[in-house]
Amino acid sequence: MKDFCEQYHLKNLIKGPTCFKNLDSPSSIDMILTNKYRSFCNSCSIETGLSDFDRMTLTVLKTSLQILGPKFFHYRDYKNFSNEDFQISVINEIHNLNHRLSTIPFDQGIDIFRHTLDSYAPIKQKYVRANNKPFVNKEIKKAIMTRSRLRNKFLKYKTAENQFAYNQQRNYCLALVRKTKKDFFKNLDYKVIADNKTFWKTLGPCFSEKSTTSANINLLEKDLVQDNQEIANIFNSYFSNVVTCLNIPRYEDISTQEDYIEDPLLKSIERFKNHPSILEINNRVLNDGFNFREISKNEIEYEINCLCNAKATQQFDIPTKIVKMNSSIFSELLCTEFNKSLEVCEFPKIMKLADVTPVYKKGNRFKKENYRPVSILSNLSKIFEKCIYKQLSPFFENILSKQQCGFRKNYSAQHPLIAMLEKWRASVDKGLMFGALLTDLSKAFDCLPHDLLVAKMYSYGLDIKASRFIYDYLTNRNHRTKICITFSSWEPISFGVPQGSILGPFLFNIFTCDLFYFLENFDVANYADDNTPYTSGKDIRSVIISLEHTSVILFNWLKNNQMQGNPDKCHVLLSTEEKYLININGTEIENSLQEKLIGVTIGS
């Protein structure tokens, strides 16, 4: 029963005893199990007189929706928008400054686009109902407003005439809602129902507590914090300093001469020249120098047209649909800026700003530690990142290990699982024992040190100019946290890759690639930051020794690369139900009977 409840995240709503056959030690044998315990209230057991020993258990399911306050947001009014007039105004503004699209400074060009767009599609604000239904149309809204007006009139002047008018409108509203709802579901497009995103957006809240909610976030610090501005500042400060609070020791090498170097990039290369990862990369990888090539206007225009209108963008950013409608103008402006950025090795500053949204992970919703930051970047930044990715990806495709299965084309979560399980089946056929070490990292994407990453990319073959461009992309970034429509102040980002970016996951793969050089004699089921070394042997003792040896190599690599592993949160699976103590980097842990790996529960 315990395993069953853990597998489906079930909780028992009935806390007290339910069977009194033994008055000295009553039992709790009647349960009501659910994984949506917030949807129930008044759970208890009561005496009915129908049984000598047992009490009746009951609970109340909350079937009514929580009444949420209206949502307030900004939007652009396209009622009088003309794209042709918008283009003419933009070009005239640029000509008035004695510039052409190819010569105007990028920041100034973007300001002209925004200013002109504000004239043709002004930003407005409005309130909308939080509990709105998809079948509600203008006719229903008007009928409800009339009903409310007649109801207020009847409550103020209680005459038979006012009561009759109110009753008539109330019945009309009820009939109209029923008819509209029936027509809506009758004519519902099957493609909408079958769409994955729409399906989970609708039914996700029924299965998980992690689903996105429109309710405000509240935090419990010393006291309960409910003010959005204060919550945004708390989150932003936490996300900015989370790596510093981990107190991860920096890699030091007294033999290097970095103190005499002023250039940050050259200083990083010198600092890590004797780093174990850099030495291993230099011994294994022999590549010609990579440099970014200039990009054409057609390539930029192609990436613009590939943008998705539904993707989130920063507030007051130029909307994606406007960029796509004017792709010929934007492509010329962006092409000039991209090639200029490559030449001077500087990523545009306005594209280094991120709006961060806290996304709930698990545990107590009132603790800031249980939220992860997801960065919303400018849609123009995504175009630049896509162009950079398309040039870097072919170069690193043969460098990345075949065991790295996260964030790669033609790889998925199935690959490491299938490879691992098939090797275990082969071990069973040969009469061998096998085991796996499930590791845990703290803030893996947030901990990544920029200087060591660029030093590794330089060792893989990037020339000094390309390395300088990547270093500038990573450094001097700032973010702010958004709660509803409230923003925190700006804070610098000192570590990590932007979560929510196109390049972030790819750069993380490059950073962790050399780990597999050190673990080449071991099989590893890898997906993103989940690394699970596994092995087989003639007896369980040899398997344990092999896993312990692997853990030493793995945790040494993490220490040298300024990442933090948690030995006490690691788990070991063995092909036996007998209990053993395994030494993982100085911490003794007991093997588990079952664990969840990449979404799949695997038993001993």
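The numbers in numbering that gives the first Met the number 0 rise by one with no breaks, and the one at position 280 of the sequence shown is 279. Where a beta carbon is used, it is the ideal one built from N, C-alpha and C, also for glycine.
P357 by DSSP, collapsed to three states: which one?
Of the three classes helix, strand and coil, the one that applies to P357 here is strand, per DSSP.
Give the straight-line distance between the Cα atoms of T243 and S493, rounded to the nearest whole angstrom.
The C-alpha of T243 lies about 9 Å from the C-alpha of S493.
As assigned by DSSP and simplified to three states, the class of V127:
V127: strand per DSSP, three-state reduction.
To the nearest angstrom, how far is it from the Cα of S101 to the Cα of I382?
Cα to Cα, S101 sits roughly 18 Å from I382.
Please state whether DSSP places D262 in a helix, a strand or coil.
Note: D262 maps to coil in three-state DSSP.
Pick from E92, K155 and P69 that is closest to K125, judged by C-alpha positions
When only C-alpha atoms are compared, the closest one is P69.
Could you please give me the residues that DSSP links to E490 through a beta bridge?
Paired residue(s): H478.
Can you grab the Cα-Cα spacing for the pair I280 / K455, in whole Å?
I280 and K455: Cα-Cα distance of roughly 8 Å.
In the DSSP assignment, find the unbroken beta strand (DSSP E) run with Y526 in it and report its ends.
Residues D522 to Y526.
For V373, three-class secondary structure by DSSP:
DSSP, reduced to helix, strand and coil, places V373 within a strand of the structure shown.
In this structure, what does DSSP give as the bridge partners for L223?
Beta-bridge partners assigned by DSSP to L223: L219.
Evaluate contact between the stretch 497-509 and the stretch 246-259, counting only Cβ atoms and requiring at least three cross-stretch pairs below 8 Å.
Because the criterion of three Cβ pairs below 8 Å is not met, the stretch 497-509 and the stretch 246-259 do not touch.
Please classify E476 as buried or exposed, where buried requires at least 16 neighbouring CB atoms within 10 angstroms.
For the sequence presented, residue 476 should be read as Arg rather than Glu. The Cβ neighbour count for R476, taken over all protein chains shown within 10 Å, is at least 16; the residue is labelled buried.
Would you mind sorting V571 into buried or exposed? The rule is 16 or more other CB atoms within 10 Å of its CB.
Label assigned to V571: buried.
So which of F183, S340 and K10 has the shortest CA-CA distance to K132?
Looking from the CA of K132, the closest CA among F183, S340 and K10 belongs to F183.
What is the C-beta distance between I543 and I581, in whole angstroms, given that I count them as a contact (C-beta under 8 Å)?
Contact holds; Cβ gap of about 5 Å.
Grab me the residues of L306's own chain with a C-beta within less than 8 Å of its C-beta, minus the 5 sequence neighbours each way, in chain order.
Within the same chain, T319, V322, K323, N378, K381 and I382 come within 8 Å of L306 by CB-CB distance, once the 5 residues on both sides are set aside.
Just checking my contact of Q228 with T485 at CB under 8 Å: how many whole Å lie between their CB atoms?
That belief holds up - the Cβ atoms of Q228 and T485 are roughly 5 Å apart, short of 8 Å.
Candidates F39, T17 and C18: which alpha carbon is nearest K10's?
It is F39.
Buried or exposed for L173, please, with buried defined as at least 16 other CB atoms from any protein chain shown within 10 angstroms of its CB.
Per the 10 Å Cβ criterion, exposed.
Cβ neighbour criterion (16 or more within 10 Å) applied to T212:
No answer about T212 holds up, because its pLDDT of 46 lies below 50 and its placement is not dependable.
Does the distance from the C-beta atom of I398 to that of Y459 stay below 7 Å?
Cβ atoms of I398 and Y459: closer than 7 Å.
Using the beta-carbon count (16 or more within 10 Å), is P448 buried or exposed?
Label assigned to P448: buried.
By Cβ distance, which residues of its chain are closer than 8 Å to M419, with the 5 residues on each side in sequence left out?
Excluding sequence neighbours, M419 sits near A435, D522, A524, T531 and Y533.
For S239 and N215, the rounded distance between their alpha carbons
Taking the straight line from one Cα to the other gives about 22 Å.
Could you say if the stretch 427-434 and the stretch 535-554 meet the contact criterion of at least three C-beta pairs nearer than 8 Å?
Contact holds: three or more Cβ-Cβ distances are below 8 Å.
What is the rounded straight-line gap between the Cα of K442 and the Cα of I233?
Taking the straight line from one Cα to the other gives about 18 Å.
For the 8 Å Cβ check, are there 3 or more pairs between the stretch 28-35 and the stretch 11-18?
The stretch 11-18 and the stretch 28-35 touch, with three or more beta-carbon pairs separated by less than 8 Å.
Given a threshold of 16 other Cβ atoms within 10 Å of its Cβ, counted over all protein chains shown, does K481 qualify as buried or as exposed?
Looking at its Cβ environment, which holds 16 or more other Cβ atoms inside 10 Å, K481 is buried.
Mapping DSSP to helix, strand and coil, what is Y533?
Strand at Y533.
DSSP three-state call for Y74: helix, strand or coil?
The answer is strand: DSSP assigns Y74 an E or B state.
Using a beta-carbon distance below 7 Å, is G536 in contact with chain D?
Annotation note: the requested chain D is absent from the structure, which comprises a single protein chain.
Taking 8 Å as the threshold, find out whether the stretch 355-371 comes into contact with the stretch 382-397 through three or more Cβ pairs.
The answer is no - the stretch 382-397 does not touch the stretch 355-371, with fewer than three Cβ pairs under 8 Å.
Residues in its own chain within less than 8 Å of V284 by CB, not counting five upstream and five downstream?
Apart from the 5 residues on each side of it in sequence, V284 sits with its Cβ closer than 8 Å to the Cβ of I398, S458, Y459 and G460 in its chain, given in chain order.
Whose C-alpha, out of L96, V496, V551 and A311, is nearest the C-alpha of D445?
Per the Cα distances, V496.
Validate contact between the stretch 74-92 and the stretch 101-120 using beta carbons, cut 8 Å, 3 pairs
In the pairwise beta carbon analysis, the stretch 74-92 is classified as touching the stretch 101-120: at least three pairs are separated by under 8 Å.
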